[in-house]
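One structure below.
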Amino acid sequence: MLKILSTIRSFLRDEDGPTAVEYAVMLAAILLVVIGTVRQIGSTSGGIWTDNNQKMEDAGMK
15 MLKILSTIRS FLRDEDGPTA VEYAVMLAAI LLVVIGTVRQ IGSTSGGIWT DNNQKMEDAG
75 MK
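Okay, structure coming up:
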């Protein structure tokens, strides 16, 4: 019985678990920002290339 209580106390004092969770949450937030940024840049650059393509077709270069 004392060993169980000792194990529970040790588990409650351990800070590795919460630290790992904090890092996982930070990583998820960073990934969301990166993915959102890449999607936005891709969308914007796709529009630029489409516009350039249209201008080349209008100029008879294609």
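Numbering (our numbering), first residue to last: 15 to 76. Where is the CB? At the ideal position from N, CA and C, for every residue including glycine.
- Distance from the CA of F25 to the CA of L45, rounded to the nearest whole angstrom, comes to 30 angstroms.
- CA-to-CA, the gap between V47 and I55 works out to about 12 angstroms.
- In this structure, DSSP gives A73 a state outside helix and strand, which the three-state scheme calls coil.
- In the displayed model, M40 falls within a helix according to three-state DSSP.
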